[in-house]
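In this note's numbering, the protein residues as written are 387 to 679. Ideal Cβ placement from N, Cα and C applies to all residues, glycine included. Here's the structure we're looking at; comments come further down.
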């Protein structure tokens with residue numbers, strides 16, 4: 387019976403020999419930054435199943451409730467620190483760093499997270515080496531968008547304007563609503579006119595993350611990268627959300643290797659080539675030989 391290896395040195399040898407490396411990241415990557423996951427038994431926000439709020443139908447039914455949920459998440463993400471796992475992946479994306487670890491290789495982080503912390507980490511390391519690039523290959527693909535994406539609720543044929551907006555709070559009516567759950571207050575019903583508006587046409591705006599039932603971003607590019615990858619790092623995800631859940635299996639199907647970095651055992655990890663259990667902010671920097679002094 388196959389058992390994944392916990393051998394760091396064997397993993398580093400595989401890493402050094404790999405030429406097309408991808409990482410597929412989920413909520414566990416940001417756990418040490420204080421960003422909670424809303425999946426599973428604890429996945430409640432106020433009295434709601436948080437996953438039920440991440441749909442176009444929920445927004446049509448109660449844009450006030452959905453905007454309060456995403457305002458809460460925006461505020462958490464804005465103040466969340468970059469952790470060591472974010473930093474390690476960001477550093478590994480630099481050719482100048484990676485050349486010493488996996489010579490001649492390429493690397494892209496495919497993240498399911500919407501908190502924007504991986505992009506912040508990448509911006510930070512790039513500031514120290516602004517001329518390092520991957521020859522047009524993306525260092526990061528945020529397949530579910532970002533909490534700070536704001537999109538016009540009108541269809542693209544009418545407007546569809548999209549922009550990055552880091553304003554805190556995004557509108558005055560949402561100020562302080564993130565604290566109401568802790569204070570056990572009744573949820574306010576915010577009038578439509580006071581919710582975030584499209585900066586181009588003035589219509590109601592919606593959070594620009596990818597909701598259930600919507601197509602993830604960058605799919606053609608992701609399919610291309612997965613198709614050529616010879617090593618897939620699975621970081622902080624239980625691999626239950628498709629299409630991301632199938633990427634590791636696809637890499638193995640065409641002869642590549644898979645290394646899983648998770649806090650605990652998860653579905654499908656018995657098929658991995660390598661398995662490193664524990665906080666990914668500890669295991670990942672060690673595996674990539676990027677432990678900060």
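Have a look at the options and flag the residue whose alpha-carbon is nearest the alpha-carbon of residue i.
i	options	result
residue 593	665, 451, 416	451
residue 509	523, 480, 488	480
residue 603	473, 639, 628, 614	628
residue 434	407, 528, 454	454
residue 585	412, 623, 557	557
residue 600	443, 395, 405, 399	443
residue 560	460, 635, 535	460
residue 648	665, 639, 656	665
residue 576	457, 607, 440, 421	457
Per DSSP, what are the beta-bridge partners of residue i in this structure?
i	result
residue 593	536
residue 583	590
residue 447	DSSP output for residue 447 lists no bridge partner at all.
residue 652	Answer is none; residue 652 lacks a bridge partner.
residue 391	660
Enumerate in chain order the residues of its own chain whose CB-to-CB distance from residue i is below 6 Å, with the five nearest sequence positions on each side excluded.
i	result
residue 410	496, 620, 630, 633
residue 524	494
residue 677	671
residue 528	497
residue 406	492, 614, 615, 616
Can you tell me whether residue i is helix, strand or coil according to DSSP?
i	result
residue 476	helix
residue 397	helix
residue 527	strand
residue 421	coil
residue 640	coil
residue 481	helix
residue 645	strand
residue 461	helix
residue 548	strand
residue 578	helix
residue 617	strand
residue 410	strand
residue 402	helix
Keeping to the same chain, check which residues put their C-beta closer than 7 Å to that of residue i; ignore five residues upstream and five downstream.
i	result
residue 483	477
residue 540	546, 587, 589
residue 659	390, 391, 643, 644, 645
residue 515	480, 482
residue 618	408, 410, 633, 634, 637, 642, 644
residue 578	449, 590
residue 551	534, 536
Give me, in chain order, the residues of the same chain whose beta-carbon lies closer than 8 Å to that of residue i; leave out the 5 immediate sequence neighbours on both sides.
i	result
residue 396	660
**OP:** List in chain order: all unbroken beta strand (DSSP E) runs of 3+ residues lying wholly within the region 480 to 514.
**Re:** Look at the region 480 to 514 and you find these whole runs of beta strand (DSSP E), each 3 residues long or longer: 492 to 497.
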